[in-house]
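In what follows, a single structure is set out as structure tokens and then discussed.
Protein chains: 2
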Amino acid sequence: MPEPESPREDALGHGGRRGFLKTSALALAGVGAVVTVPWPVAEAARAGRPKRGRLLARNDVILFQGDSITDAGRSRAEAATANARGALGSGYAWLAGAALLVDRPGEGFQVYNRGISGNKVFQLADRWGVDCLDLKPKLLSILIGVNDFWHTLDGKYHGTVEIYERDYRTLLERTRQALPQIRLVICEPFVLRCGAVNEHWFPSFDQYRAAAKRVAKAYADAFVPFQAMFEEAVRLAPPEEWAKDGVHPTGAGASLMAHFWLEAVGELAG
Amino acid sequence: MPEPESPREDALGHGGRRGFLKTSALALAGVGAVVTVPWPVAEAARAGRPKRGRLLARNDVILFQGDSITDAGRSRAEAATANARGALGSGYAWLAGAALLVDRPGEGFQVYNRGISGNKVFQLADRWGVDCLDLKPKLLSILIGVNDFWHTLDGKYHGTVEIYERDYRTLLERTRQALPQIRLVICEPFVLRCGAVNEHWFPSFDQYRAAAKRVAKAYADAFVPFQAMFEEAVRLAPPEEWAKDGVHPTGAGASLMAHFWLEAVGELAG
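Right under this line is the structure:
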């Protein structure tokens, strides 16, 4: 059932917005933070999560999955090559992956991007063997959901938020069964209120966000609150600065996403 | 006297490259790192540096200073307004400032950018009263040096590395005397080997980098090793990906700089 929450209330509900954004890293770092721990820490600990809140270890395979926001023009021809600039596209996956690889050279990270433009969660499932399980990721990051709603607006797709959540949970159950050691990062679907995003999106789209958060609480090691982040960002600059059409981030939007993604996985935590 | 070091050796000389990049934050965080502390920690402690390696505190005024790389097309008309998107330009200062303001809303940070395209260190000095001291920054970040060398190549400027270092030290002495509580971030001048950057730049330009590092060791609370960062980045993608003309960063280059700047000041340290 969708939660009747706004992104800001949502974020503030966990001991303050910053506390919320940092919860995973702080809790595991043993820093004296007075925040509730929203993730299944015990489960994550069983999965071999490293110390100090970091979700990555040497030689990890890191996979970004999602739709066009993740895809960002990546080269299909190079898709099988880890850390290839073209294969990572030009969006947040590239910027986050590049920062990680530059900051921690010699760690042997292998970063892949298999986002595909237009994808909904059931379409991830259709290609999950070849585009996820076969790669045996140690860290899997997923950003999916905007099309699951958007494509219903023109009447060509008839999915619902219940189907989205059910399919998402099924996909993650399957993933955890196939790769029990995997660490999962769930990114919050987001929109900016400009471009293609008009009043027809609300409150329906908020229900997809809430569903993604429930899925994250049940399955993920970290959650990246992109909607809360962009709600704050539009206090600083107009929505078009971050995503001209309301859906696809600009360079500045992608850079901000990369920052928050790296923080969420604890990789900029010193 | 210039140090005969390469960026990589240089970085590795401080307990490993990552150790070097993290030294300031780690040392102050009390994390059990076995790195030499290259900064004047005692002096910084006297200057009231906050706990846990962070260089910022509530309501701090943060000032970015430098040349075109910092300027990045900022609006002069809005220059007096803190946190104004136009006034911050479109480069690393904007991306780092935006990440900081979005990540820590309600902290009352006031971010300014007063970089001016073409500036050399003596030109910072010429406008230092109005463009630095009058703003009373708590954190001052400077990236200067590429023009101090570049402009000698066409014979129109006759500065030397000794003049650069002397002027830089004089500027920082003046700054510390006027604002004893200030925290200083010195950014390493850098170039990528493409575009306008050819064999005539070396080894002379390396001497300017070494001078900036000596100045940082003497005066700064943190040093951002941008050359070392880009040396690593070009192992991942061609130099043009990071700075088409070898000097001015692309969006991806600026995003990477913002990441490393935020790490250097300890603001992405959880």
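Each protein sequence line maps, in turn, to chains B and X.
All residue numbers for the first sequence refer to this note's numbering, where the first residue is 1 and numbers rise by one.
All residue numbers for the second sequence refer to this note's numbering, where the first residue is 1 and numbers rise by one.
For every residue, glycine included, the Cβ atom is placed at its ideal position computed from N, Cα and C.
Check, Outcome
"8 angstroms Cβ cutoff met for X:Val215 and X:Arg174", "no"
"Straight-line Cα distance separating X:Ile163 from B:Pro249", "44 angstroms"
"Euclidean distance between Cα positions of X:Pro189 and B:Lys217", "44 angstroms"
"Of the residues B:Gly118, B:Gly89 and B:Glu263, the one placed nearest B:His151, counting alpha carbons only", "B:Gly118"
"C-beta atoms of X:Val234 and X:Asp167 nearer than 8 angstroms", "no"
"Neighbour list for B:Arg85 in chain X, Cβ cutoff strictly below 7 angstroms", "Leu236, Ala237 and Glu241"
"Among X:Arg74, X:Gly159, X:Asp67 and X:Leu55, the one whose alpha carbon lies nearest that of X:Leu140", "X:Leu55"
"Sequence-distant residues of the same chain with beta carbon closer than 8 angstroms to B:Asp134, five excluded per side", "none"
"B:Ser141 - partner residues in DSSP beta bridges", "B:Phe64 and B:Val185"
"Proximal residues to B:Ser68 (C-beta, below 6 angstroms), its chain only, five neighbours per side dropped", "Ser117"
"Own chain, CB closer than 8 angstroms to X:Ala261, minus 5 neighbours either side, in chain order", "For the sequence presented, residue 261 of chain X should be read as Trp rather than Ala. Only Tyr92, Ala96, Ser141, Val185, Cys187 and Val224 meet the Cβ criterion."
"Alpha helix (DSSP H) segment containing B:Tyr273, residue limits", "With chain B covering 1 to 270 only, the question about residue 273 of chain B has no answer from this structure."
"Chain B contacts from the segment 84-104 of chain X (Cβ-Cβ distance under 8 angstroms)", "Arg85, Ser90, Trp94, Leu95, Ala98, Ala99, Leu101, Val102, Asp103 and Arg104"
"Run of the beta strand (DSSP E) containing X:Ala222, from where it starts to where it stops", "Ala222 to Val224"
"Inter-stretch contact at 8 angstroms, needing at least 3 Cβ pairs: the segment 174-183 of chain X / the segment 191-198 of chain X", "no"
"Cβ-based contacts, 8 angstroms cut-off: residues of the segment 246-270 of chain B near chain X", "Gly251, Ala252, Ala254, Ser255, Leu256, Ala258, His259, Phe260, Leu262, Glu263, Gly266, Leu268, Ala269 and Gly270"
"Beta-carbon contacts of X:Tyr299 that lie in its chain and below 7 angstroms, excluding the five residues immediately before and after", "The structure shown has nothing for residue 299 of chain X, since chain X only spans 1 to 270."
"Closest by C-alpha distance to X:Ala196, when choosing among X:Tyr112, X:Pro239 and X:Gly106", "X:Pro239"
"Inter-residue CB distance, B:Gln110 and B:Ala77 (contact presumed, cutoff 8 angstroms)", "So it is not a contact: roughly 18 angstroms between Cβ atoms."
"B:Gly129 - DSSP class collapsed to helix/strand/coil", "helix"
"Unbroken alpha helix (DSSP H) run spanning B:Ala178, endpoints", "Val161 to Ala178"
"Interface residues of chain B facing X:Ala233 [CB-CB closer than 9 angstroms]", "Ala98, Leu101 and Val102"
"Limits of the alpha helix (DSSP H) - the one that X:Lys217 falls within", "Ser204 to Tyr219"
"Proximity test, Cβ basis, 8 angstroms: B:Leu21 and chain X", "Note that B:Leu21 scores a pLDDT of 34, beneath 50, so its modelled location is shaky and nothing firm can be said."
"For B:Leu172 and B:Tyr219, the rounded distance between their alpha carbons", "7 angstroms"
"DSSP state of B:Val121 mapped onto helix, strand, coil", "helix"
"Residue nearest to X:Ala237 in terms of C-alpha spacing, selected from X:Phe226, X:Ala252 and X:Asp245", "X:Ala252"
"Cutoff 6 angstroms; reference B:Lys213; Cβ partners in own chain excluding five residues on either side", "none"
"Span separating the alpha-carbon of X:Leu143 from that of B:Leu63", "35 angstroms"
"Exposed unless 16 or more other CB atoms sit within 10 angstroms - verdict on B:Phe205", "buried"
"CB contact flag (B:Val102, X:Glu232, <8 angstroms)", "yes"
"Range covered by the alpha helix (DSSP H) that runs through X:Val197", "No alpha helix (DSSP H) contains X:Val197, which DSSP labels as neither H nor E."
"Cβ-based burial, B:Lys138 [other Cβ within 10 Å; buried from 16]", "buried"
"Sequence-distant residues of its chain with Cβ nearer than 7 angstroms to X:Leu88 (five each side left out)", "Arg74, Trp94, Gly97, Val111 and Asn113"
"Status (buried if at least 16 other CB within 10 Å, exposed otherwise) for B:Arg127", "exposed"
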